[in-house]
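Asker: Following this message is one structure expressed as structure tokens.
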Amino acid sequence: MRQHVNPLSSFFQLPLELPPPQQLFRVPDQPIHLDIGCARGRCLLGLAERDPHWNHLGVEIRRPLVMSADQDALASEHGNVRILFCNANISLEGWMKALKQDRLQRVSIQFPDPWFKRRHHKRRVLQPALLLAIATALQPGRELFLQSDVLDVIEPMVALTELSDCFDRPAEDQRPWRASNPLSVPTERERYVLEQNLPVYRVLYRRNQNPLPSVSDLEQRWQEIDNPAEALTT
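Note that my numbering numbers the sequence shown so that position 48 is 195, with each residue one more than the last.
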């Protein structure tokens with residue numbers, strides 16, 4: 148069962164200074180895979196074992212999950228995986244901005260918490276500012292991978308990503324959803340869903356060369372789509 152926390156509560160609005168790659172990884176100049184909302188980090192731990200030539204960073208807002216997950220990460224023989232506590236929409240932008248060019252090469256958001264009520268949409272993990280921070284950090288051709296088992300979760304993520312015009316889907320990928328996971332290790336949630344013979348909705352994007360819109364412009368256009376009634380009153 149998912150245990151939600153409210154990312155808009157005052158405790159989670161405090162910005163945290165995340166350590167740079169030099170303090171996180173044994174070989175800091177390797178490409179980085181950032182997994183946002185990594186839960187217990189089982190997917191990243193498996194990926195780190197299979198591909199020691201990548202560094203893997205998971206961030207998670209539920210602190211109890213992070214404590215045990217990072218202990219497992221620190222025990223990794225390759226020194227290429229860490230799990231950190233933070234609110235991605237508060238603390239990740241500065242961390243990504245400080246990275247060397249093309250150090251971040253893949254970002255994934257897998258099975259994020261569902262917030263179905265309209266008044267809770269601002270609690271969803273993928274917000275315009277975070278999406279643009281990701282797009283800024285990724286060089287053309289680098290990847291953003293999204294997946295969920297809930298259509299009402301994945302569809303707004305897809306709509307926002309495509310509204311930004313910063314990402315393209317590979318021409319060879321199936322529409323509307325990829326049939327397979329491009330990562331070699333599934334998450335715990337993914338395993339559970341597949342064992343129940345339920346669908347998983349996946350989309351892979353690659354950063355294109357289009358310039359970024361301003362955060363205010365994307366937020367306004369997104370509000371008009373995601374919450375048109377409120378947009379008319381602002």
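Even for Gly, the Cβ is constructed at its ideal location relative to N, Cα and C. From a predicted model like this one, the values you see are computed outputs, not experimental measurements.
1) So what's Leu163 in DSSP terms, helix, strand or just coil?
2) Got a sec, what are the start and stop residues for the alpha helix (DSSP H) Ser223 sits in?
3) Taking 8 Å as the threshold (C-beta atoms), are Leu279 and Leu204 in contact?
4) Inspect the beta-carbon positions of Ile237 and Glu207 and report whether they are closer than 8 Å.
5) Once DSSP output is grouped into helix, strand and coil, what is the label at Gln257?
6) Over what stretch of residues does the alpha helix (DSSP H) that includes Asp320 continue unbroken?
7) Let me know if Arg289 comes out buried or exposed under the rule of 16 or more other beta-carbons within 10 Å of its beta-carbon.
8) Just how far apart, CA to CA, sit Ala318 and Arg187?
9) Should His179 go down as buried or exposed, given a rule of 16 or more other Cβ atoms within 10 Å for buried?
10) Residue range of the beta strand (DSSP E) that Gly205 falls in?
11) Would you mind stating whether Asp320 and Leu285 have Cβ atoms separated by less than 8 Å?
12) Go ahead and pull the three-state DSSP assignment for Pro343.
13) Beta strand (DSSP E) containing Val350: first to last residue?
14) Please tell me whether Asp296 and Pro346 are closer than 8 Å, where the distance is taken between their beta carbons.
15) Please state the DSSP three-state secondary structure of Ser295.
16) Do you know how far the Cα of Ala235 is from the Cα of Lys264?
17) How many whole angstroms separate the CB atoms of Asn328 and Arg349, which I take to be in contact at a CB cut-off of 8 Å?
18) Give every residue of the same chain whose Cβ lies closer than 6 Å to the Cβ of Met304, excluding the five residues on either side of it in the sequence, and list them in chain order.
19) Measure the C-alpha to C-alpha separation of Glu302 and Ser223 and round it to an integer number of angstroms.
20) If you drop the 5 nearest sequence neighbours on each side, which residues of the same chain put their C-beta closer than 8 Å to that of Pro175?
Answerer: Taking the geometry as given:
1) On the sequence shown, position 16 is the one that residue 163 refers to. Here Leu163 sits in coil by DSSP.
2) By 1-based counting over the sequence shown, the position of residue 223 is 76. Ser223 -> no alpha helix (DSSP H), and no H or E assigned at all.
3) On the sequence shown, position 57 is the one that residue 204 refers to. On the sequence shown, position 132 is the one that residue 279 refers to. Not a contact, by the Cβ cut-off of 8 Å.
4) Within the sequence shown, numbered from 1, the residue matching residue 237 stands at position 90. Within the sequence shown, numbered from 1, the residue matching residue 207 stands at position 60. Not in contact: Ile237 and Glu207 (Cβ atoms no closer than 8 Å).
5) Start at 1 with the first residue of the sequence shown, and residue 257 comes out as number 110. Strand.
6) The residue labelled residue 320 in the question sits at position 173 within the sequence shown. Membership of Asp320 in any alpha helix (DSSP H) is not indicated, and neither H nor E is assigned to it by DSSP.
7) On the sequence shown, position 142 is the one that residue 289 refers to. So Arg289 ends up on the buried side.
8) Against the sequence shown, residue 318 aligns to sequence position 171. Against the sequence shown, residue 187 aligns to sequence position 40. Going by the C-alpha atoms only, they are around 33 Å apart.
9) Position 32 of the sequence shown, counting from 1, holds the residue named residue 179. The identity of residue 179 in the sequence shown is Ile, whereas the question assumes His. Ile179 is buried by the Cβ-count criterion.
10) Numbered from 1 along the sequence shown, position 58 holds the residue referred to as residue 205. It spans Asn202 to Glu207 - the beta strand (DSSP E) in which Gly205 sits, taken as one unbroken run.
11) In the sequence shown, the residue the question calls residue 320 occupies position 173. In the sequence shown, the residue the question calls residue 285 occupies position 138. Contact: no.
12) On the sequence shown, position 196 is the one that residue 343 refers to. The question names Pro, yet the displayed sequence has Gln at residue 343. Coil.
13) Start at 1 with the first residue of the sequence shown, and residue 350 comes out as number 203. Val350: member of the beta strand (DSSP E) spanning Tyr348 to Arg354, first to last residue.
14) Residue 296 sits at position 149 when you count from the first residue of the sequence shown. Residue 346 sits at position 199 when you count from the first residue of the sequence shown. In contact: Asp296 and Pro346 (Cβ atoms closer than 8 Å).
15) For the purposes of this step, residue 295 is taken as residue 148 along the sequence shown, with counting starting at 1. In the structure shown, Ser295 falls within a strand segment according to DSSP collapsed to helix, strand and coil.
16) To locate residue 264, count along the sequence shown from 1; it is residue 117. To locate residue 235, count along the sequence shown from 1; it is residue 88. Summary for Lys264: the model assigns pLDDT 47, below 50, so the residue's position carries little reliability; its value from the coordinates is reported in the next sentence. The C-alpha of Lys264 lies about 21 Å from the C-alpha of Ala235.
17) Reading the sequence shown from its first residue, position 181 is the one you call residue 328. Reading the sequence shown from its first residue, position 202 is the one you call residue 349. Asn328 to Arg349, Cβ: 6 Å. Contact.
18) Walking along the sequence shown from the start, residue 304 turns up at place 157. Excluding sequence neighbours, Met304 sits near Leu273 and Leu293.
19) On the sequence shown, residue 302 is found 155 positions in, with the first residue counted as 1. On the sequence shown, residue 223 is found 76 positions in, with the first residue counted as 1. As the crow flies, the alpha-carbon of Glu302 is around 35 Å from that of Ser223.
20) Along the sequence shown, one-based indexing puts residue 175 at 28. Exclusion of the five residues before and after Pro175 leaves Pro167, Pro168, Gln169 and Asn202 as the residues of its chain whose Cβ lies within less than 8 Å of its Cβ.
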